[in-house]
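These protein sequence lines are chains A and B, in that order.
With my numbering as the guide, the letters of the first sequence map in order to residues 38 to 150.
With my numbering as the guide, the letters of the second sequence map in order to residues 12 to 125.
Single-structure report; data block below.
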Amino acid sequence: GENVEQHPSTLSVQEGDSAVIKCTYSDSASNYFPWYKQELGKGPQLIIDIRSNVGEKKDQRIAVTLNKTAKHFSLHITETQPEDSAVYFCAASIGSSASKIIFGSGTRLSIRP
Amino acid sequence: NAGVTQTPKFRVLKTGQSMTLLCAQDMNHEYMYWYRQDPGMGLRLIHYSVGEGTTAKGEVPDGYNVSRLKKQNFLLGLESAAPSQTSVYFCASSYSGSYNQPQHFGDGTRLSIL
Numbered sequence: 038g039e040n041v042e043q044h045p046s047t048l049s050v051q052e053g054d055s056a057v058i059k060c061t062y063s064d065s066a067s068n069y070f071p072w073y074k075q076e077l078g079k080g081p082q083l084i085i086d087i088r089s090n091v092g093e094k095k096d097q098r099i100a101v102t103l104n105k106t107a108k109h110f111s112l113h114i115t116e117t118q119p120e121d122s123a124v125y126f127c128a129a130s131i132g133s134s135a136s137k138i139i140f141g142s143g144t145r146l147s148i149r150p
Numbered sequence: 012n013a014g015v016t017q018t019p020k021f022r023v024l025k026t027g028q029s030m031t032l033l034c035a036q037d038m039n040h041e042y043m044y045w046y047r048q049d050p051g052m053g054l055r056l057i058h059y060s061v062g063e064g065t066t067a068k069g070e071v072p073d074g075y076n077v078s079r080l081k082k083q084n085f086l087l088g089l090e091s092a093a094p095s096q097t098s099v100y101f102c103a104s105s106y107s108g109s110y111n112q113p114q115h116f117g118d119g120t121r122l123s124i125l
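As structure tokens, then:
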């Protein structure tokens, strides 16, 4: 079945440095790739998403890149801040519909002061 | 703005007991979803609904039932709880299944089955 793999599972970076989280997906029909941030005791919250007709998207310190040929997509956070500490999930649509998505296993990001 | 509200927030059950988890949204969303979150496995879709009166199976539906009698509510039932159903359950909703209408999540129900 469809699968999304996410790496690394944990990531620790110095405040101010950049963080990169990578995902691969198996369904070649997937065309919607959201990223969610989950803080302790809360539900996931969408932080950025990208569609397959776009190779890169930026929103302030956050950017996502997509390589459809290789079935890879990545989240880049620049100038990390303490409030960036959380668990991040990538996801991919099941087929060409955005109504159902499959999640990666998550990355716990810690920002060292 | 309440958004997506889940009740209860915590519950402990004994094996074989039944219970219902309630999800309510006040955003007039058509689509609603139930996920379970287990350590190291991300979120997995249990059941979902594309509108009032409709339900469909997700990735891990066994042992669960759902109902969507009202547009704003989506109920998840466990008829005979098993220890394997110990998890954190998240409800989500979206206006539609299109790309610019992302899923909004509640804060979860932590369920322990002894």
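C-beta: ideal position from N, C-alpha, C; glycine also.
Query raised in the report: From A/Ala129 to B/His115, what does the alpha carbon distance come to, in whole angstroms?
Result: 16 Å
Query raised in the report: Among B/Leu33, B/Thr26 and B/Tyr42, which has the Cα closest to the Cα of B/Asn123?
Result: Strictly speaking, residue 123 of chain B in this sequence is Ser, with Asn absent from that position. Cα-wise, what sits closest to B/Ser123 is B/Thr26.
Query - Within 8 Å of chain A by C-beta, residues of the region 47-60 of chain B in sequence order - result: Gly51, Met52, Gly53, Leu54, Arg55, Leu56 and Tyr59
Query raised in the report: Going straight from the alpha carbon of A/Ala56 to that of A/Leu146, what length do you get?
Result: 8 Å
Query raised in the report: When the Cα of A/Asn104 is compared with those of A/Ile84, A/Arg88 and A/Thr117, which residue comes out closest?
Result: A/Arg88
Report task. Would you tell me roughly how many angstroms separate the C-alpha atoms of A/Ser122 and B/Leu33, rounded to the nearest one? Result -> 30 Å
Query raised in the report: How would you write the range of the beta strand (DSSP E) that B/Gly88 sits in, first residue to last?
Result: Asn84 to Leu89
Report task. Can you tell me which of A/Trp72, A/Leu48, A/Lys59 and A/Ser63 puts its alpha carbon nearest to the alpha carbon of A/Glu39? Result -> A/Ser63
Query raised in the report: Since B/Tyr129 is in the beta strand (DSSP E), which residue starts that stretch and which ends it?
Result: Any property of residue 129 of chain B remains undetermined from this structure, which presents chain B solely from 12 to 125.
Requested in this report: For A/Gly92, count neighbouring Cβ atoms within 10 angstroms of its own Cβ and tell me buried if that reaches 16, exposed if not.
Outcome: exposed
**Report entry** Closest residue to B/Leu86 among B/His58, B/Arg22, B/Pro94 and B/Val99 (Cα-Cα distance)
**Finding:** B/His58
Report task. May I ask you to list, following chain order, the residues of the region 114-148 of chain A that have a beta carbon less than 7 Å from some beta carbon of chain B? Result -> Phe126, Ser134, Ala135, Ser136, Lys137, Phe140, Gly141, Ser142 and Gly143
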